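Colleague: Structure below; questions to follow.
Number of protein chains: 2
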Amino acid sequence: MATVEASSHTPTPLLKDELDIVIPTIRNLDFLEMWRPFFEPYHLIIVQDGDPSKTIKVPDGFDYELYNRNDINRILGPKASCISFKDSACRCFGYMVSKKKYIFTIDDDCFVAKDPSGKLINALEQHIKNLLSPSTPHFFNTLYDPFRDGADFVRGYPFTLREGVKTAVSHGLWLNIPDYDAPTQLVKPRERNTRYVDAVLTIPKGTLFPMCGMNLAFDRELIGPAMYFGLMGDGQPIGRYDDMWAGWCIKVICDHLGLGVKTGLPYIWHSKASNPFVNLRKEYKGIFWQEEIIPFFQSAVLPKDCTSVQKCYLELSNQVKEKLSQVDPYFDKLADAMVTWIEAWNELNPDGASAKLPNGNA
Amino acid sequence: MATVEASSHTPTPLLKDELDIVIPTIRNLDFLEMWRPFFEPYHLIIVQDGDPSKTIKVPDGFDYELYNRNDINRILGPKASCISFKDSACRCFGYMVSKKKYIFTIDDDCFVAKDPSGKLINALEQHIKNLLSPSTPHFFNTLYDPFRDGADFVRGYPFTLREGVKTAVSHGLWLNIPDYDAPTQLVKPRERNTRYVDAVLTIPKGTLFPMCGMNLAFDRELIGPAMYFGLMGDGQPIGRYDDMWAGWCIKVICDHLGLGVKTGLPYIWHSKASNPFVNLRKEYKGIFWQEEIIPFFQSAVLPKDCTSVQKCYLELSNQVKEKLSQVDPYFDKLADAMVTWIEAWNELNPDGASAKLPNGNA
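Going down the list, the sequences are from chains F and C.
Position in the first sequence (first residue = 1) + 11 = our numbering.
Position in the second sequence (first residue = 1) + 11 = our numbering.
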């Protein structure tokens, strides 16, 4: 059951004027050379982390805007406190200043992967396919994404559920260096992901997943205000949970609003493992905290009158304050930052991107 | 994170004395020739459907027992009414008479598939790997089965959930002819499944799936008494929902008892599409009914004192009688047959296979 958008018989719309690529970085963006054929048609939003006096070189020919810490402080004023410093969590500033419908975000140590036939993978095109075709969170389809060419809903799939729901998030994967935590990195220093799994699937309603920010696309109008990467890095007791935090929040909100989250294709080539000792220091508290955070999100219920992403997110911040600040005072601060983030988002997006009520909640 | 059982460093135990292969059929079992290298070490339970006076030829060298309708009637007496006639749903009689811990069931139009490298797939070996390694129903792992070689839990996966739960069911897939319903067959007569997805994944807790009986393995001690394929075929208003019914029941019960259900590898080669017009006649009522059956199972709650599969199943039969017989009187009859099935199971399995309390419910 191929939708018009996702069929190989019709080319995938490239959404050139509707998608921004957001890249957090502390270095020159040489990695873009390999992505040139795929990224050059798009506008880039580069969020420079760390020392703002440093100059980031961007290869010629790319259309971009670059924000460093000074820019963030200038644009957001006191509300800049919600944007992390010295941590790639700062990328979410790019989501906020974008004016486009779709965002693709990628790390600067991610390169173009090859499929099993040796063909270079256009990750962005696959993300667009994922976002433009519906999700199926209410029932599992054993042949994976029923909207791909050559696939469909299998026998026993209820017909009333086959329309699916709008897709808000497309989570891509990584060949070579897998996204492991520090303990796993330490235990398995040589493990590489060589398995190309040719599948896209909807993460079922009610199920949480570990969302990695390395290779991620989303519909900013549908879910943007919930894509906050939290308080990490400089001055914070934790790191490497920025994307996880966003993933738990967006999943609870997508489930509530009747939106879909897909994972699987596309793969990128993740070139370099980060230092497991540095990572352990960043993750240390998170390893304990996540044992309480996960049950919190698994049991989080949003009231019916939360009909927009912003309302959902503010309600979630209340619940974080109420329930997680017992785990650590950090969550009290984080809950406040979640509110600041929404205030800043609304300020920069006054015509209310994502105030539109998603599918099924009009 | 490879378990001892599933690692490539240790051979997969073949469980020769612990597994029966159950095959429902109406014809000579020539298809076994292709499976000979894989199936010959095992005991086969052949459930002959239709005219019992017909002789089914089994290729030389296989160790088997064969039951026809006369045998079923003789062994079960009046309780034989719960076993379908003129429908492959009769296969569940084989689950009942088996004395082994594991069951693999396969249709006689399924042949050995090849992986993308051209190697013949030992489906049974993969099912055993799936059953012997834990499942992870409480949180989604984006790199799929974390217990496969070369894979693990990704960053952000809570450590307390990494032990997983026992796997009760392994649902394999099909290359070539996909398992489509009659309407899809009619609309897409030429669609073939050519996509080999190199993945095994746990179906998350709380999520239902369409379980196909073509290529299926399970742990009889853990879930056997719930693997009832219902009343189909001769004298019944419906067909082709036998495995679906079992799939909905086993999933609700596995979720309740803390057991896992996996889907994905292994593939078999499904050779021949059944007649879509015949199928439409069989499925017709099911197409309507499933729209009410799915919400019923999605909202089914089993009370805490249901601590064995039998107790769960009898409770489910009560709920079917109470809620689904409003949909059609057929469900009243089906609910009674569910009780008969458990009575017959207990009679043939007096030492209470699966009376053992599963993991986490001792």
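Note that the Cβ used here is the ideal one computed from N, Cα and C, for glycine as well.
Nothing here was measured: the structure is a model prediction, and the numbers come from that model.
In chain order, what are the residue ranges of uninterrupted beta strand (DSSP E) at least 3 long that sit wholly in the region 217-299 of chain C?
Modeller: Within the region 217-299 of chain C, the complete beta strand (DSSP E) runs of at least 3 residues are 226-230 and 271-281.
Colleague: Give me the Cα-Cα distance between residue 114 of chain C and residue 187 of chain F, rounded to the nearest whole angstrom.
Modeller: Translated into the one-based positions of the second sequence, residue 114 of chain C becomes position 103. Translated into the one-based positions of the first sequence, residue 187 of chain F becomes position 176. Computed Cα separation, rounded: 37 Å.
Colleague: Could you tell me whether the region 266-285 of chain F touches the region 187-206 of chain F, where touching means 3 or more Cβ pairs closer than 8 Å?
Modeller: Enough Cβ pairs lie closer than 8 Å, so yes.
Colleague: Could you check how far apart the C-beta atoms of residue 335 of chain F and residue 307 of chain F are, in whole angstroms? I think they sit under 8 Å.
Modeller: Numbered from its first residue, the first sequence carries residue 335 of chain F at position 324. Numbered from its first residue, the first sequence carries residue 307 of chain F at position 296. Going by Cβ atoms, the distance from residue 335 of chain F to residue 307 of chain F rounds to 6 Å, so yes, they are a contact pair.
Colleague: My parser needs the alpha helix (DSSP H) runs of 4 or more residues fully inside the region 294-341 of chain F; what are they?
Modeller: Fully enclosed alpha helix (DSSP H) runs of 4 or longer: 320-330.
Colleague: Quick one: what's residue 76 of chain F bridged to in DSSP?
Modeller: For the purposes of this step, residue 76 of chain F is identified with residue 65 of the first sequence, where counting begins at 1. For residue 76 of chain F, which the question treats as bridged, DSSP gives the partners F/56.
Colleague: Using the Cα positions of residue 152 of chain F and residue 243 of chain C, report the straight-line distance between them to the nearest angstrom.
Modeller: If you number the first sequence from 1, residue 152 of chain F lands on position 141. If you number the second sequence from 1, residue 243 of chain C lands on position 232. Computed Cα separation, rounded: 23 Å.
Colleague: List the residues of chain C that residue 302 of chain F touches, going by C-beta distances under 8 Å, in chain order.
Modeller: Within the first sequence, numbered from 1, the residue matching residue 302 of chain F stands at position 291. Neighbours of residue 302 of chain F on chain C, chain order: 169, 170 and 171.
Colleague: Does any residue of chain F have a CB that is nearer than 8 Å to the CB of residue 190 of chain C?
Modeller: Here residue 190 of chain C refers to the residue found at position 179 when the second sequence is read from its first residue. It does; some Cβ of chain F falls within 8 Å.
Colleague: What residues from chain F crowd round residue 182 of chain C, counting only those whose CB sits closer than 8 Å?
Modeller: Position 171 of the second sequence, counting from 1, holds the residue named residue 182 of chain C. 153, listed in chain order.
Colleague: Under 7 Å Cβ to Cβ from residue 216 of chain C, same chain only, skipping five residues before and after it: list those, please.
Modeller: Within the second sequence, the letter at position 205 stands for residue 216 of chain C. Closer than 7 Å at Cβ, skipping near neighbours: 148, 149 and 266.
Colleague: For the alpha helix (DSSP H) that residue 195 of chain C lies in, which residues bound it at each end?
Modeller: The residue labelled residue 195 of chain C in the question sits at position 184 within the second sequence. Per DSSP, residue 195 of chain C belongs to the alpha helix (DSSP H) from 193-198.
Colleague: Keeping to the same chain, check which residues put their C-beta closer than 7 Å to that of residue 369 of chain C; ignore five residues upstream and five downstream.
Modeller: In the second sequence, counting from the first residue as 1, residue 369 of chain C sits at position 358. Bear in mind that the predicted position of residue 369 of chain C carries a pLDDT of just 43, short of 50, making it too unreliable to give a figure here.
Colleague: Find out if the Cβ-Cβ distance for the pair residue 379 of chain C, residue 168 of chain F is shorter than 8 Å.
Modeller: Because residue 379 of chain C is not part of the residues shown, which for chain C are 12 to 373, the question remains open.
Colleague: Give a yes or no on whether the minimum CB-CB distance between residue 164 of chain F and chain C is below 8 Å.
Modeller: Here residue 164 of chain F is taken as the residue at index 153 of the first sequence, counted from 1. So yes, residue 164 of chain F belongs to the interface.
Colleague: Is it the case that the Cβ atoms of residue 103 of chain F and residue 240 of chain F are separated by a distance below 8 Å?
Modeller: Taking the first sequence and counting its residues from 1, one reaches residue 103 of chain F at position 92. Taking the first sequence and counting its residues from 1, one reaches residue 240 of chain F at position 229. Their beta carbons are under 8 Å apart, which means residue 103 of chain F touches residue 240 of chain F by this criterion.
Colleague: Tell me which same chain residues have a C-beta within less than 6 Å of the C-beta of residue 342 of chain C, skipping the five on either side of it?
Modeller: As a working note, residue 342 of chain C is residue 331 in the second sequence. Cβ neighbours of residue 342 of chain C beyond the five flanking positions: 331, 335 and 336.
Colleague: Taking 7 Å as the limit between beta carbons, can you name the residues of its chain near residue 352 of chain C, skipping five residues before and five after?
Modeller: As a working mapping, residue 352 of chain C is identified with position 341 in the second sequence. The residues are 93 and 239.
Colleague: Less than 8 Å between the C-beta atoms of residue 245 of chain C and residue 97 of chain C, yes or no?
Modeller: The residue labelled residue 245 of chain C in the question sits at position 234 within the second sequence. The residue labelled residue 97 of chain C in the question sits at position 86 within the second sequence. Their beta carbons are under 8 Å apart, which means residue 245 of chain C touches residue 97 of chain C by this criterion.
Colleague: Identify whether residue 125 of chain F lies in helix, strand or coil by the three-state DSSP scheme.
Modeller: As a first step, residue 125 of chain F must be located in the first sequence, where it is residue number 114. Correct three-state label for residue 125 of chain F: strand.
Colleague: Do residue 325 of chain C and residue 260 of chain C come within 8 Å of each other at the CB atom, strictly closer than that value?
Modeller: Looking up residue 260 of chain C in the second sequence gives position 249. Looking up residue 325 of chain C in the second sequence gives position 314. No, Cβ-Cβ distance for residue 260 of chain C and residue 325 of chain C is not below 8 Å.
Colleague: Please return the same chain residues whose Cβ sits closer than 6 Å to the Cβ of residue 379 of chain F, not counting the five positions on each side in sequence.
Modeller: Missing from the structure shown is residue 379 of chain F; chain F here goes from 12 to 373 and no further.
Colleague: Taking residue 108 of chain F as part of the beta strand (DSSP E), name the residues at either end of that continuous run.
Modeller: Position 97 of the first sequence, counted from the first residue, corresponds to residue 108 of chain F. Premise fails: residue 108 of chain F lies in the alpha helix (DSSP H), 103-108, not in any beta strand (DSSP E).
Colleague: Starting from the beta carbon of residue 5 of chain F, find every residue of chain C whose beta carbon is closer than 9 Å, and list them in chain order.
Modeller: Because chain F spans 12 through 373 in this model, residue 5 of chain F falls outside it and cannot be assessed.
Colleague: Quick check on residue 170 of chain F: does DSSP put it in helix, strand or coil?
Modeller: Walking along the first sequence from the start, residue 170 of chain F turns up at place 159. In this structure, residue 170 of chain F counts as helix in the three-state DSSP scheme.
Colleague: Can you name the start and end residues of the beta strand (DSSP E) that residue 34 of chain F belongs to?
Modeller: For the purposes of this step, residue 34 of chain F is taken as the residue at position 23 of the first sequence. Element bounds for residue 34 of chain F: 30-36.
Colleague: Can you tell me the Cα-Cα spacing of residue 105 of chain F and residue 56 of chain F, whole angstroms?
Modeller: Taking the first sequence and counting its residues from 1, the one referred to as residue 105 of chain F is at position 94. Taking the first sequence and counting its residues from 1, the one referred to as residue 56 of chain F is at position 45. One C-alpha to the other measures close to 6 Å.
Colleague: Relative to the alpha-carbon of residue 95 of chain F, which residue among F/361, F/349 and F/358 has its alpha-carbon at the smallest distance?
Modeller: Taking the first sequence and counting its residues from 1, the one referred to as residue 95 of chain F is at position 84. Per the Cα distances, F/349.
Colleague: Note the first and the last residue of the continuous beta strand (DSSP E) segment covering residue 179 of chain C.
Modeller: In the second sequence, residue 179 of chain C corresponds to position 168, counting from 1. Start and end: 178-187.
Colleague: What number of angstroms, rounded off, separates the C-alpha of residue 275 of chain C from the C-alpha of residue 77 of chain F?
Modeller: The residue given as residue 275 of chain C occupies position 264 in the second sequence. The residue given as residue 77 of chain F occupies position 66 in the first sequence. The alpha-carbon atoms of residue 275 of chain C and residue 77 of chain F are separated by roughly 44 Å.
Colleague: Using beta-carbon positions only, say whether residue 185 of chain F and residue 279 of chain F come within less than 8 Å of one another.
Modeller: Within the first sequence, the letter at position 174 stands for residue 185 of chain F. Within the first sequence, the letter at position 268 stands for residue 279 of chain F. Contact flag set, yes.
Colleague: When the distance is taken between beta carbons, is residue 181 of chain F closer than 8 Å to residue 142 of chain F?
Modeller: Start at 1 with the first residue of the first sequence, and residue 142 of chain F comes out as number 131. Start at 1 with the first residue of the first sequence, and residue 181 of chain F comes out as number 170. Closer than 8 Å, so yes.
Colleague: Name, please, each residue of chain C whose Cβ falls closer than 7 Å to the Cβ of residue 130 of chain F.
Modeller: Counting from 1 along the first sequence, the entry for residue 130 of chain F is found at position 119. Near residue 130 of chain F there are no residues of chain C at all, since even the closest Cβ is about 14 Å away, more than 7 Å.
Colleague: With residue 117 of chain C as the anchor, note down where its beta strand (DSSP E) starts and where it stops.
Modeller: Numbered from its first residue, the second sequence carries residue 117 of chain C at position 106. Looking at the DSSP string, the run of the beta strand (DSSP E) that includes residue 117 of chain C is 113-117.
Colleague: Give a yes or no on whether 8 Å exceeds the smallest Cβ distance from residue 208 of chain C to chain F.
Modeller: Within the second sequence, numbered from 1, the residue matching residue 208 of chain C stands at position 197. Interface residue, yes.
Colleague: What residues in its chain sit with their C-beta under 8 Å from that of residue 18 of chain C, if we drop five residues either side in the sequence?
Modeller: Residue mapping note: residue 18 of chain C aligns to position 7 of the second sequence, counting from 1. A caution first: residue 18 of chain C carries a pLDDT of 45, below 50, which makes its placement in the model unreliable, though a value can still be read off. Once the five neighbours on either side are set aside, the close Cβ partners of residue 18 of chain C are 160.
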